[in-house]
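All remarks here apply to the structure that follows.
Numbering (our numbering), first residue to last: 39 to 323.
Here's what the structure looks like:
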């Protein structure tokens, strides 16, 4: 690789020390490195770290500096470019990030030498409806969460798979996750861990009011519909659907969210030859 683009969450690299280290090191090696000047100035939800239209056409790789949230958002913003992303962990756990900051030069050398692989990760798309009117549509690499807003109260959810009724929950929320997202919010809610190259979706209830709730594993070719039931409540006490913990829209009783696999994929660069089991053991213990 000879042409690189850096996206930095400046809350994690406020003085651009790591960003400049990368740029200077690549340029010393005769490579070209672009930096998005205003990347990551805000930590507010619905803020976009990257504008795909500003990436020069010759760029071969995007280096993402930050935590998992930064990488998730960059993967969604850039999905139409087809560019591979390398996550560099500037946060805490950084489960999705391939490289820790102390190994940056090692990783850059591997990229320049062509010693890497690219993993394609499944993504899902969700569309929220008010009756038949579309409210919002977006994608997620990790998960789509339909959860409560306002005061502590359960929500009645009706779940359908390919328009066939599956079950009902009274719970704080419903998580629909990809294999990549199985180690995120879904795991905290009691869902299983799934290898990232599996072809499936997970449906996990958040704090369900029942004695026998279990996460449900579904094939990746189904359409999952989550319908909000129960009595109508004020908007500030309703629900919302959130995509990768980022973009969201408010929901209320009678609204629904349809989730399915999208043919678009995130492309994540792997430098280390660590297996899924090794990563799991190291970062989850």
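Even glycine gets a Cβ: it sits at the ideal position worked out from N, Cα and C.
Residue 322 sits in a helix when the DSSP states are folded into three classes.
Remark: C-beta atoms of residue 266 and residue 203 do not approach each other more closely than 8 Å. If you draw a straight line from the Cα of residue 222 to the Cα of residue 69, it comes to about 36 Å. Taken through DSSP and simplified to helix, strand or coil, residue 290 comes out as coil. The Cβ-Cβ distance between residue 178 and residue 161 falls below 8 Å. Around the beta-carbon of residue 55, fewer than 16 other beta-carbon atoms lie within 10 Å, marking it exposed. At least 8 Å separates the beta-carbon of residue 248 from that of residue 213. Relative to residue 135, the option among 92, 308, 240 whose CA is nearest is 308.
Residue 282 and residue 110 have their C-alpha atoms roughly 7 Å apart. In the structure shown, residue 316 adopts helical secondary structure according to DSSP, grouped into three states. At a cut-off of 4 residues, not a single continuous stretch assigned as alpha helix (DSSP H) sits fully inside the segment 168-216. DSSP, reduced to helix, strand and coil, places residue 231 outside both helices and strands of the structure shown, so it counts as coil. Burial is judged here by how many other beta carbons sit within 10 angstroms of a residue's own beta carbon; residue 112 has at least 16 and is buried.
Nearest to residue 298 by alpha-carbon distance, out of 314, 305, 262, is 262. In the pairwise beta carbon analysis, the segment 169-178 is classified as not touching the segment 92-109: fewer than three pairs are separated by under 8 Å. Note: residue 58 is not bridge-paired with any residue in the DSSP secondary-structure output.
One Cα belongs to residue 185, the other to residue 151, and the distance between them is close to 45 Å. As far as DSSP is concerned, residue 246 takes part in no beta bridge. In the DSSP annotation of this structure, the continuous segment of the beta strand (DSSP E) that includes residue 280 starts and ends at 277-281. Of 132, 47, 254, the smallest CA-CA separation from residue 238 is found for 254.
Per the DSSP secondary-structure output, residue 72 pairs in a beta bridge with 43. For residue 250, the closest C-alpha among the options 138, 209, 240, 41 is that of 209. Within the same chain, Cβ atoms closer than 7 Å to the Cβ of residue 225 are found at 231, the five residues on either side in sequence being excluded. Assigned with DSSP and collapsed to three states, residue 306 falls in strand.
By the neighbour-count criterion, in which 16 or more other beta carbons inside 10 Å mark a residue as buried, residue 156 falls on the exposed side.
Residue nearest to residue 154 within the set 244, 47, 39, 296 is 39 (criterion: CA-CA distance).
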